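All remarks here apply to the structure that follows.
Residue numbers (the working numbering), protein chains in the order written: chain A, 1 to 478; chain B, 479 to 920.
Encoded structure:
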């Protein structure tokens, strides 16, 4: 019996397959492989590694391929098998165990969807301990990278000595069997690091589908992939790509399910209170006028703002004439009047008085409103302009209760571990469900006797009513 | 600096051409700038946010030619804003003030005694400030709160019009994938141009079109030289910072006796590149010579002590590479016996640039020993040009060049060691002045 020998190599984020008989190799019709004339080999994206290997193993099991035995030499994989002993790991909650089992059943590929505060990190740490392979964790921000670094080194510590964990990004480049990196750095370095890890964890994996980040996932051969998100769906529909890059959604729990489970032990009970705010007479007059200017222009130009390209068309047309520019200015004005109505700040005042000593997060859509809240109520603000040192100090003061109220725009939506908060005030926000669910998640970490409240301030008879309806289109708000 | 979106570009004769000043007439542009300069001066001492609001209210008259007039206005506003200085007030530390104000307010709220006016008033009094001063100082470190300093603004808009036209060309260079520059320059002009290229660590190689005269910059008088420069959009990851540095080269180009600049420009990501050509003769402006790059200054300072018996000086030679252009080194070390070796500091922009040099060494194209210094951020191994345990071929090119990686500061000791190794281990090589023969032998 003849022997067909196949060699797999990793090169710049791709797999190269060479056989001693090129024709016989091509005849195997391995998945995702195409002939590369430049190097006279079969080439496939690294993400296909597991699928290709499985196909080869199947052929091997069959014993004979076209009269030839099959030998596979795998030079591609350079990740290690580890001995990771988790220490001080709390027992997994029921839904976390279910998520882990579902992920394992899906051959270690898939997305786990859990609300903010429900312990996605615990599921990932358990998955890493289960696979015992070199692992890369990819997170969207340096804050999260630091948190993962800490969680990994603590969880797999040996006799109290933190487990060494590598860091790629933020000026660091240390690659170890357990490594944490940002999406940006993963994209920049995956062509070289793509064969060094058997497990890759994508935190907040809804970011992964952006073109460059998706490339990072494709250049990595890790057969085990875990995506974590509270809100994987995207308005642009690109979340479908997660199937290819990570795997299907294997486990999902929504806020309401966890909140009902175990009588609030997993997530705090909560109320959502929508407060309707009236515009002042002057604001109303200005709003109506601006709205009419904008609407008339849109009607004249026959632009349907409800259509998928309506907004783009409006922008294109608006900048071609003075009427268009006036319509665009009017659109901005009516939006500002609705989202930053004077009366909203009076309601914030009432809420702060109603919850003395309680940790409150005040969210807005824009920085100007966040700073207005800060000045009016003499509370700190965290925005993208806040320096890292000040931000850490403010979060620490928020955690220990010395500064129990924080104003913010979108910075605290995700990517920063916000200590326990009980009240969220949405002064303004976008129409996306994801943002609204994430903001709610910020106040749901459970504590005995805790009942969280999310206040949503909506200017009546304005476009904000519609925005509010759109963002509440989620089971957590029904 | 303007961005490409603020430049009016038309396609003509298969290439891109700029419609100067977004199509506004010179007089119209000057009068627009006059108005904006006056407005900026009125806001001297006020905050950036106040100036920005005032600028937002300036609209171009309705008789203007539509969208491009609007962009012209935006470009003019940017031009004026870029000429202003902004300063944060330094009499109060906003960070410390916020700690005090917010802590006091939180403590008061905790016991149900929150009175905003009283808190502001007490803290202001303690610090000898008025309440208004304290309110202004609370976020004085934010950009919008910075104070406008219009003292250095020119009086007349017409004085900014030429700047505007130059900035339009520079804006297109921000979108270039590659720039080919043919210059006819005196030795002084060429030296300044090359020094600017080096200072900004731009990735380039030279093609001397008249080999004999182009070998030494001192000997160079008017012979044309071609420089091929990587553009910011041609790098693995497009870099705004690199683009700005490329743009800063333009005044040195325009100061040459005559020049032809051809850029491959990608106006939008994902679009095909298009050709953009400008030609010109010296504007007569005397451009100040750029200083040497700090890393090169450091080598010139430290190497003499580490290389006794060798003269260390800034390199004045283009090193021709047979059929591959020419290398422009930064430092030359010369022995009394005529032996020479060079150092080129490459910086941190592109791995490809390092690999290109490795390839030159491997092909035996280097006419003299060269040490290439590059940032470790590029993650190229020094071993790529090491001879340890190498075969005969490798050993031969390993004597022609060496790599030195650096992180932050460049070690002159390491460079000196490599130079000595190259000079000691390699055969005696011709100097660039003798180089014509070396080229013929190849």
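The beta carbon of each residue, even a glycine, is placed where N, CA and C say it ideally should be.
Note that the structure is a prediction, hence the values are computed from the model and not measured.
Would residue i be called buried (16 or more neighbouring beta carbons within 10 Å of its own) or exposed?
i: residue 422/A; result: buried
i: residue 17/A; result: buried
i: residue 703/B; result: buried
i: residue 805/B; result: buried
i: residue 388/A; result: exposed
i: residue 61/A; result: exposed
i: residue 87/A; result: exposed
i: residue 45/A; result: buried
i: residue 600/B; result: exposed
i: residue 438/A; result: buried
i: residue 413/A; result: buried
Could you pull out every residue in the same chain whose Cβ sits closer than 6 angstroms to the Cβ of residue i, ignoring the five residues on either side in sequence?
i: residue 434/A; result: 231
i: residue 148/A; result: 137, 139, 180
i: residue 391/A; result: 382
i: residue 524/B; result: 626
i: residue 481/A; result: Nothing about residue 481/A can be read from this structure; chain A reaches only from 1 to 478.
i: residue 888/B; result: 773, 851
i: residue 259/A; result: 267
Under a three-way DSSP split, which group does residue i fall into?
i: residue 167/A; result: strand
i: residue 121/A; result: helix
i: residue 458/A; result: strand
i: residue 742/B; result: strand
i: residue 377/A; result: helix
i: residue 306/A; result: coil
i: residue 295/A; result: helix
i: residue 851/B; result: strand
i: residue 693/B; result: Residue placement at residue 693/B is flagged as unreliable, the pLDDT there being 44, under the threshold of 50; the coordinate-derived value follows with that caveat. It is coil, neither helix nor strand.
i: residue 782/B; result: helix
i: residue 206/A; result: helix
i: residue 450/A; result: coil
i: residue 271/A; result: strand
i: residue 158/A; result: strand
Taking Cβ-Cβ distances shorter than 7 angstroms, what residues in chain B pair up with residue i?
i: residue 378/A; result: 579, 580, 583, 594, 597
i: residue 390/A; result: 573
i: residue 371/A; result: 617
i: residue 404/A; result: 584
i: residue 488/A; result: Residue coverage of chain A in this structure runs from 1 to 478, which leaves residue 488/A outside it and unanswerable.
i: residue 325/A; result: 548
Starting from residue i, find everything on chain A with Cβ-Cβ shorter than 7 angstroms and list it in chain order.
i: residue 742/B; result: Under the 7 angstroms cutoff, chain A gives no residues; its nearest Cβ is about 22 angstroms from residue 742/B.
i: residue 590/B; result: 356
i: residue 576/B; result: 380
Could you tell me which chain A residues have their CB closer than 8 angstroms to the CB of residue i, listed as they occur along the chain?
i: residue 965/B; result: One cannot answer for residue 965/B here, as it falls past the ends of chain B, which runs 479 to 920.
Cutting at 7 angstroms between CB atoms, please list the residues of its own chain near residue i, excluding the five before and the five after it.
i: residue 189/A; result: 168
i: residue 278/A; result: 343, 460
i: residue 756/B; result: 647, 739
i: residue 896/B; result: 849, 880, 882
i: residue 616/B; result: 572, 575, 576, 579
Closer than 8 angstroms by C-beta to residue i: which residues in its own chain qualify, once you throw out the five before and the five after it? Chain order, please.
i: residue 162/A; result: 153, 154
i: residue 758/B; result: 732, 736, 737
i: residue 78/A; result: 10, 195, 196
i: residue 899/B; result: 880
i: residue 597/B; result: 579, 582, 583, 586
i: residue 246/A; result: 109, 110, 111, 202, 205, 208, 217, 225, 226, 227
In chain B, what lies closer than 9 angstroms to residue i by C-beta?
i: residue 410/A; result: Near residue 410/A there are no residues of chain B at all, since even the closest Cβ is about 17 angstroms away, more than 9 angstroms.
i: residue 78/A; result: Result: empty, since nearest Cβ-Cβ is about 17 angstroms, beyond 9 angstroms.
List, in order along the chain, the chain A residues whose C-beta lies closer than 9 angstroms to that of residue i?
i: residue 653/B; result: Ordered by position in chain A, no residue passes the 9 angstroms Cβ test against residue 653/B, which lies about 19 angstroms from the chain.
i: residue 673/B; result: Ordered by position in chain A, no residue passes the 9 angstroms Cβ test against residue 673/B, which lies about 30 angstroms from the chain.
i: residue 829/B; result: Chain A residues near residue 829/B: none, gap ~11 angstroms exceeds 9 angstroms.
Kindly list, in the order they appear in chain B, the residues whose Cβ is closer than 8 angstroms to that of residue i.
i: residue 313/A; result: The contacting residues do not exist; residue 313/A stays about 15 angstroms from chain B at best.
Inset, instruction - Report yes or no: do the stretch 668 to 684 of chain B and the stretch 700 to 709 of chain B share at least 3 C-beta pairs separated by less than 8 angstroms? - result: yes
Legend entry - Stretch-stretch touch, CB-based, cutoff 8 angstroms, three pairs: the stretch 109 to 116 of chain A with the stretch 213 to 229 of chain A: yes
Inset, instruction - Decide yes or no for the touch test of the stretch 505 to 518 of chain B against the stretch 634 to 644 of chain B: beta carbon pairs closer than 8 angstroms, at least 3 of them. - result: yes
Legend entry - Given 8 angstroms, three or more beta-carbon pairs between the stretch 430 to 446 of chain A and the stretch 595 to 615 of chain B: no
Inset, instruction - Count the C-beta pairs between the stretch 492 to 499 of chain B and the stretch 641 to 655 of chain B that are closer than 8 angstroms, then say yes if the count reaches three, no if not. - result: yes
Inset, instruction - Indicate whether the contact test is met: 3 or more Cβ pairs, each with one atom in the stretch 312 to 323 of chain A and one in the stretch 361 to 370 of chain A, closer than 8 angstroms. - result: no
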